[in-house]
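Take a look at the structure set out below.
Number of protein chains: 2
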Amino acid sequence: MTAAGLPMEVAVEGLPTRVRIHEVGARDGLQNEGTVVPTEIKAEFIHRLAAAGLPLVEATSFVHPRWVPQLADAEQLFPLLGDLDPHRLPVLVPNERGLDRALALGARRIAVFASATESFAKANLNRTVDGALAMFAPVVDRAKDAKVHVRGYLSMCFGDPWEGPVPIARVVRVCRALLDLGCDELSLGDTIGVATPGHVQTLLASLNEAGVPTSRLGVHFHDTYGQALANTFAALQHGVTTVDASAGGLGGCPYAKSATGNLATEDLVWMLHGLGIETGVDLDRLTATSVWMAEVLGRPSPSRTVRALSHKE
Amino acid sequence: MTAAGLPMEVAVEGLPTRVRIHEVGARDGLQNEGTVVPTEIKAEFIHRLAAAGLPLVEATSFVHPRWVPQLADAEQLFPLLGDLDPHRLPVLVPNERGLDRALALGARRIAVFASATESFAKANLNRTVDGALAMFAPVVDRAKDAKVHVRGYLSMCFGDPWEGPVPIARVVRVCRALLDLGCDELSLGDTIGVATPGHVQTLLASLNEAGVPTSRLGVHFHDTYGQALANTFAALQHGVTTVDASAGGLGGCPYAKSATGNLATEDLVWMLHGLGIETGVDLDRLTATSVWMAEVLGRPSPSRTVRALSHKE
Numbered sequence: 001m002t003a004a005g006l007p008m009e010v011a012v013e014g015l016p017t018r019v020r021i022h023e024v025g026a027r028d029g030l031q032n033e034g035t036v037v038p039t040e041i042k043a044e045f046i047h048r049l050a051a052a053g054l055p056l057v058e059a060t061s062f063v064h065p066r067w068v069p070q071l072a073d074a075e076q077l078f079p080l081l082g083d084l085d086p087h088r089l090p091v092l093v094p095n096e097r098g099l100d101r102a103l104a105l106g107a108r109r110i111a112v113f114a115s116a117t118e119s120f121a122k123a124n125l126n127r128t129v130d131g132a133l134a135m136f137a138p139v140v141d142r143a144k145d146a147k148v149h150v151r152g153y154l155s156m157c158f159g160d161p162w163e164g165p166v167p168i169a170r171v172v173r174v175c176r177a178l179l180d181l182g183c184d185e186l187s188l189g190d191t192i193g194v195a196t197p198g199h200v201q202t203l204l205a206s207l208n209e210a211g212v213p214t215s216r217l218g219v220h221f222h223d224t225y226g227q228a229l230a231n232t233f234a235a236l237q238h239g240v241t242t243v244d245a246s247a248g249g250l251g252g253c254p255y256a257k258s259a260t261g262n263l264a265t266e267d268l269v270w271m272l273h274g275l276g277i278e279t280g281v282d283l284d285r286l287t288a289t290s291v292w293m294a295e296v297l298g299r300p301s302p303s304r305t306v307r308a309l310s311h312k313e
Numbered sequence: 001m002t003a004a005g006l007p008m009e010v011a012v013e014g015l016p017t018r019v020r021i022h023e024v025g026a027r028d029g030l031q032n033e034g035t036v037v038p039t040e041i042k043a044e045f046i047h048r049l050a051a052a053g054l055p056l057v058e059a060t061s062f063v064h065p066r067w068v069p070q071l072a073d074a075e076q077l078f079p080l081l082g083d084l085d086p087h088r089l090p091v092l093v094p095n096e097r098g099l100d101r102a103l104a105l106g107a108r109r110i111a112v113f114a115s116a117t118e119s120f121a122k123a124n125l126n127r128t129v130d131g132a133l134a135m136f137a138p139v140v141d142r143a144k145d146a147k148v149h150v151r152g153y154l155s156m157c158f159g160d161p162w163e164g165p166v167p168i169a170r171v172v173r174v175c176r177a178l179l180d181l182g183c184d185e186l187s188l189g190d191t192i193g194v195a196t197p198g199h200v201q202t203l204l205a206s207l208n209e210a211g212v213p214t215s216r217l218g219v220h221f222h223d224t225y226g227q228a229l230a231n232t233f234a235a236l237q238h239g240v241t242t243v244d245a246s247a248g249g250l251g252g253c254p255y256a257k258s259a260t261g262n263l264a265t266e267d268l269v270w271m272l273h274g275l276g277i278e279t280g281v282d283l284d285r286l287t288a289t290s291v292w293m294a295e296v297l298g299r300p301s302p303s304r305t306v307r308a309l310s311h312k313e
């Protein structure tokens, strides 16, 4: 399916040799689609993503089903993934009750989700920024006791729909706080997709200055303004080796009014492979998976690479 | 229309302070749309693009009407643009007959279009690469005699649909030949959108080594695989200050089977303004123009920035 010999592999100095893609399509993607996908289809999706070589496939969320009906089947889904190493299947956990549910099912990687801005903390968690951190403290403590890996998502690291530009110092403060709680790694989210490459590199440098090493940072860009891949390239130049992406660009329907579009994993893989950066991903298998999921959802994939490759045959 | 204070302006070192956008929507864009747009609408489009601050608005093509029916009205269109400085209105010219037509209408900037690959030279011009250069020689000579600025487009600089990867040495050879003919500037085209940022920077470095200064180079990326803006950022880092883009992403319908998608000017402007790079462009006026043109064409704009901003009101 991939055009023969393309992309041409041309490495440049100063970039990582390998990038770990944190695949969020089955969780962040499906959570934001209008359609509720049956549990068995989700399980097949996750299996196909893992088989395409994605090292981490975020599987589901243990948020209360009332808030995220698309992922209300976590208890039914997780056992269907029993043949996969749970270290490859991060799950979202909002609080201690969610942690209990995740641990009972054998989850080995969890993620909490904080906000850099008060407006989004209020809207998403009905708490202040610090109140949310206080809620996560026992979650992280108990996860660490159970030797479970903890990722901290941080939303609105660049701009906020209510507050506009987000000061870098505020993002740095919350990142430090998440690491102080015990998070193993952080994912810097551009939730509304407004970041540009200089902003990305400046935030990363400011975090380094505050004692946060790049090795503990991932990036999570949205393609709302088409900036996600340029921002990713800028992050790679700063040494970032963990990049979040969503198979087929799931999670932001391009025809919806508020296209919040995740970076499509296929577009990312095209760039990384062109740069000679190893990912372990088989782009053809991944694309075929996204074509299949687009059929399940009844609409074309917003990923440009998926569209280009799937019309080549 | 633009979100207040966004994108946040964060400059980084080593980038140009100003970029000149070469707007190709009215020519390269409309040429590749299925719909033939009435002449008066084209004239209004070009006026609105110029009023939005775009310094160069490629207006039309003097190719034989048989080959490009969408632009068969060049003689009717150009006089409708009489209030605009013709130095702002480049036109495409394939041969001496086309040059005669363009000069008769008062054109002051022309562009010839060459190919880096034999397959595309044959398909697009029914000539060899060198045969096409020979055809352009008298065109460039006579244009220079008339003190008309000449741009040389070079297609397939990164990959070719028939030949696959294109060797950098071949691109360098044709670029040198175009400059030797007398072209004032070159536009390096990724016609099928397969380039990645390392390939871009390596080609630019190779051109410099061959004596081609970056100041005479523009870049022309297609978003077929979602790489256009990342490639543009890579080119800016190499010192490129001329970037081609198409208002609203015109020229590659996202729903067509072969989405050849030009880089959308709005997505480019979002990035450049976020990087603190001056363009002279009013993003709100430009977006409004693309929304209007999308209505003319009866389908949504493929530009993510246009979609995001036009749904904010």
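So the protein lines, in turn, are chains A and B.
First residue of the first sequence? That's 1 in full-length UniProt numbering, and the numbers climb one at a time after it.
First residue of the second sequence? That's 1 in full-length UniProt numbering, and the numbers climb one at a time after it.
Glycine included, every Cβ here is placed at the ideal spot set by N, Cα and C.
Contact list for residue i against chain B, beta-carbon separation under 8 Å
{"i": "Pro16 (chain A)", "result": "Those within 8 Å of Pro16 (chain A) in chain B number zero; the least Cβ separation is about 12 Å."}
{"i": "Asp267 (chain A)", "result": "Tyr225, Gly226 and Gln227"}
{"i": "Leu286 (chain A)", "result": "Near Leu286 (chain A) there are no residues of chain B at all, since even the closest Cβ is about 13 Å away, more than 8 Å."}
Neighbourhood of residue i by C-beta distance below 7 Å, restricted to the same chain and skipping five residues each side
{"i": "Ala121 (chain A)", "result": "Ser115, Arg127, Thr128, Val129 and Ala132"}
{"i": "Thr214 (chain A)", "result": "Leu204, Asn208, His238, Gly239 and Val240"}
{"i": "Ala256 (chain A)", "result": "Only weak support exists for where Ala256 (chain A) lies, its pLDDT of 47 falling under 50; the value from the coordinates is given anyway. Hits under 7 Å: none found."}
{"i": "Met135 (chain A)", "result": "Asn95 and Arg127"}
Proximal residues of chain A, C-beta to C-beta of residue i below 7 Å
{"i": "Leu297 (chain B)", "result": "Simply none; closest approach about 16 Å."}
{"i": "Ala264 (chain B)", "result": "Gly226"}
{"i": "Thr305 (chain B)", "result": "Tyr225 and Gly226"}
Buried or exposed (CB count within 10 angstroms, at least 16 for buried), residue i
{"i": "His87 (chain A)", "result": "exposed"}
{"i": "His238 (chain A)", "result": "buried"}
{"i": "residue 314 (chain B)", "result": "This structure leaves residue 314 (chain B) out entirely; chain B is present only between 1 and 313."}
{"i": "Arg18 (chain B)", "result": "exposed"}
{"i": "His311 (chain B)", "result": "exposed"}
{"i": "Arg97 (chain B)", "result": "exposed"}
{"i": "Thr35 (chain B)", "result": "exposed"}
{"i": "Asp145 (chain B)", "result": "exposed"}
{"i": "Asp223 (chain A)", "result": "buried"}
{"i": "His220 (chain A)", "result": "buried"}
Cross-chain neighbours of residue i in chain B, by beta carbon under 7 Å
{"i": "Phe221 (chain A)", "result": "Going along chain B, no residue has its Cβ under 7 Å from Phe221 (chain A), so there is no contact; the nearest lies around 11 Å."}
{"i": "Gln201 (chain A)", "result": "Val12"}
{"i": "Leu275 (chain A)", "result": "Thr196, Pro197 and Gly198"}
Distance CB(residue i)-CB(residue j) smaller than 9 Å
{"i": "Leu268 (chain B)", "j": "Ala234 (chain B)", "result": "no"}
{"i": "Gly226 (chain A)", "j": "Asp28 (chain A)", "result": "no"}
{"i": "Leu54 (chain A)", "j": "Thr265 (chain A)", "result": "yes"}
{"i": "Leu105 (chain A)", "j": "Val140 (chain A)", "result": "no"}
{"i": "residue 315 (chain B)", "j": "Tyr153 (chain B)", "result": "Shown here, chain B extends from 1 to 313; a query on residue 315 (chain B) therefore has no answer."}
{"i": "Val306 (chain A)", "j": "Gly249 (chain A)", "result": "yes"}
{"i": "Leu56 (chain B)", "j": "Ile21 (chain B)", "result": "yes"}
{"i": "Ala247 (chain B)", "j": "Ser206 (chain B)", "result": "no"}
{"i": "Gly218 (chain B)", "j": "Val243 (chain B)", "result": "yes"}
{"i": "Leu84 (chain A)", "j": "Ala50 (chain A)", "result": "yes"}
{"i": "Leu99 (chain A)", "j": "Glu58 (chain A)", "result": "no"}
Bridge partners - residue i, DSSP secondary structure assignment
{"i": "Thr60 (chain B)", "result": "B:Val91"}
{"i": "Asp160 (chain A)", "result": "A:Gly164"}
{"i": "Thr242 (chain A)", "result": "A:Arg20 and A:Gly218"}
{"i": "Phe113 (chain B)", "result": "B:Tyr153"}
{"i": "Gly189 (chain A)", "result": "A:His220"}
{"i": "Ala264 (chain A)", "result": "A:Ser246"}
{"i": "Glu33 (chain A)", "result": "Answer is none; Glu33 (chain A) lacks a bridge partner."}
Nonlocal neighbours in the same chain, by C-beta distance under 8 Å from residue i, ignoring five residues either side
{"i": "Gly274 (chain B)", "result": "Pro7, Met8, Glu9 and Val10"}
{"i": "Val166 (chain B)", "result": "Ala116, Thr117, Met156, Cys157, Phe158, Gly159 and Asp160"}
{"i": "Thr202 (chain B)", "result": "Ile168"}
{"i": "Asn124 (chain A)", "result": "Phe113, Ser115 and Ser155"}
{"i": "Glu40 (chain B)", "result": "Leu80"}
Neighbouring residues, chain A, relative to residue i (Cβ below 8 Å)
{"i": "Phe233 (chain B)", "result": "Pro197, Ala230, Phe233 and Ala234"}
Per-residue contacts from residue i into chain B (C-beta, under 9 Å)
{"i": "Gly159 (chain A)", "result": "Ala3, Gly5, Leu6, Pro7 and Met8"}
{"i": "Trp270 (chain A)", "result": "Val194, Thr196, Tyr225, Gly226 and Gln227"}
{"i": "Gly164 (chain A)", "result": "Ala3, Ala4, Gly5, Leu6 and Met8"}
Nonlocal neighbours in the same chain, by C-beta distance under 6 Å from residue i, ignoring five residues either side
{"i": "Pro254 (chain A)", "result": "Reliability of the predicted coordinates at Pro254 (chain A) is poor, the pLDDT of 47 falling under 50, and no value is obtained from them."}
{"i": "Val200 (chain A)", "result": "Asn231, Ala234 and Ala235"}
{"i": "Leu80 (chain A)", "result": "Ala43"}
{"i": "Ser258 (chain B)", "result": "Annotation note: pLDDT 46 at Ser258 (chain B) (below 50); position unreliable, no value reported."}
{"i": "Gly198 (chain B)", "result": "none"}
{"i": "Arg48 (chain A)", "result": "Thr289"}
{"i": "Glu163 (chain B)", "result": "Thr117 and Ser119"}
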